[in-house]
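Encoded as structure tokens, the structure appears first; notes follow it.
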Amino acid sequence: MRIVATGELDGWNDGGPGAHFKVFVPAPDDETVMRTYTVRDFDPDEGRLTIDFGLHADGPMTRWARSAAVGDRFAVAGEARPGYAPGAGARWCLLFADHCALPAVSAVLESLPAGMEAIVFAEVTDAADATELTSAAEVSTAWLVESGRPCAELVAAAGNAVLPEGPGDVWIGCEAGAMRDIRRHVLGALRLPREALHSRAYWKQNVENHSDHDTGSDEE
Ligand SMILES: Cc1cc2nc3c(=O)[nH]c(=O)nc-3n(C[C@H](O)[C@H](O)[C@H](O)COP(=O)(O)OP(=O)(O)OC[C@H]3O[C@@H](n4cnc5c(N)ncnc54)[C@H](O)[C@@H]3O)c2cc1C
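So for the sequence shown, this note's numbering puts the first residue at 318; every next one is plus one.
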């Protein structure tokens, strides 16, 4: 569900490609619900903020997005937390994303320069959820359809992945347990240097409002 918002966004700091920020929406009983979302696009001249809400979670924010209508009001935090840019000298990046990290991957790909190689493994719950990805970089995308445990296809793809030659980065955004499985594999078997790894849990199975600080680095 794509929601394009206008409002008091003068001077808002969008944090760059793939940045995240807090969204606040009203909930029953005068409560406010806060969850983390990605800046899919921000147009400072028009004051327009675009957010892509996945509809896979079973929580209050997803319920709000399902029924949102033109004219509804919501709030966002004053600035977004920085997104991702490839490290200096990186010639390639390998991205693992599930449905709710696709807005970040889309924004990151749009920012990559020509001459860079991007390899994307994207898991969606329905093949029809595969979206068009645009980039000046040379992109190859494998669309994986969820089967069994969420993100299991991503973990399996990581198990068969080969890192391209030369310096490059791995970016992971998906369910917390799967993110840790992929991290372990790229740092261990694939021997990726720690500083080239960028990982974050986008949600955690059976947990409401999982922390957006969960990078999986607690395992090191
Ligand atoms: C950095 C960051 C950026 C994010 N950007 C986006 C974005 O742009 N678009 C987007 O759709 N989501 C994004 N998310 C994920 C989003 O914050 C969560 O999915 C959020 O938990 C949804 O809130 P909720 O109130 O619907 O569910 P919650 O109340 O948080 O959770 C209710 C139940 O749903 C389950 N659940 C939560 N998320 C998912 C999911 N994605 N798939 C399946 N089950 C789930 C939980 O395990 C729990 O059992 C991002 C998360 C992070 C950390």
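Even for Gly, the Cβ is constructed at its ideal location relative to N, Cα and C.
Review point. Hey, L461 and E440 are a contact pair by Cβ (cut 8 Å); roughly how many whole angstroms apart?
Key: 4 Å
Point to revise | Selected residue, minimal CA-CA separation from D446, among P334, L372 and D358 | key: L372
Exercise for review: In the DSSP assignment, find the unbroken beta strand (DSSP E) run with R501 in it and report its ends.
Suggested key: No beta strand (DSSP E) holds R501; the alpha helix (DSSP H) holding it covers A493 to L504.
Point to revise | Cβ distance (whole Å) where A321 is taken to contact R365 below 8 Å | key: It should be noted that the sequence gives Val, not Ala, for residue 321. Yes, they are in contact, since the Cβ atoms of V321 and R365 sit about 6 Å apart, within 8 Å.
Check your understanding: Which runs of the alpha helix (DSSP H) spanning at least 4 residues fall entirely within the stretch 358-446, listed in chain order?
Key -> 377-384 and 419-428
Point to revise | Unbroken alpha helix (DSSP H) run spanning A459, endpoints | key: A459 -> not in any alpha helix (DSSP H); beta strand (DSSP E) instead, spanning E455 to V462.
Check your understanding: Beta carbon of G376, beta carbon of E525: below 7 Å?
Key -> yes
Point to revise | Boundaries (first-last residue) of the beta strand (DSSP E) holding L514 | key: L514 to W520
Review point. Which residues in the same chain have their Cβ closer than 6 Å to the Cβ of L274, if we skip the five residues on either side of it in sequence?
Key: For the chain, the structure presents residues 318 to 537; residue 274 sits outside this window and is missing.
Point to revise | Supposed close pair G465, A418 - CB separation, criterion 8 Å | key: Wrong, their Cβ atoms sit about 19 Å apart, outside the cutoff.
Review point. Applying the criterion that 16 or more other CB atoms from any shown protein chain within 10 Å of the CB defines a buried residue, is G533 buried or exposed?
Key: buried
Review point. Going by the beta-carbon positions, is the gap between A435 and P484 smaller than 7 Å?
Key: no
Review point. Alpha carbon to alpha carbon, what distance is there between Y401 and N330?
Key: 15 Å
Check your understanding: Apart from the five residues just before and just after V472, which ones in its own chain have a Cβ nearer than 7 Å to its Cβ?
Key -> A495, D498 and I499
Exercise for review: Flag T355 as yes when its Cβ comes closer than 6 Å to any non-hydrogen atom of ligand 1, and as no otherwise.
Suggested key: yes
Check your understanding: CB A392 to CB F341, shorter than 7 Å?
Key -> yes
Point to revise | For E470, the first and last residue of its enclosing alpha helix (DSSP H) | key: A469 to N477
Review point. Going by the C-beta, is M318 closer than 6 Å to any heavy atom of ligand 1?
Key: no
Check your understanding: In or out: R511 buried (at least 16 other Cβ within 10 Å) or exposed?
Key -> exposed
Check your understanding: Can you tell which of G335, D369 and D535 has the C-alpha that lies nearest to the C-alpha of T448?
Key -> D369
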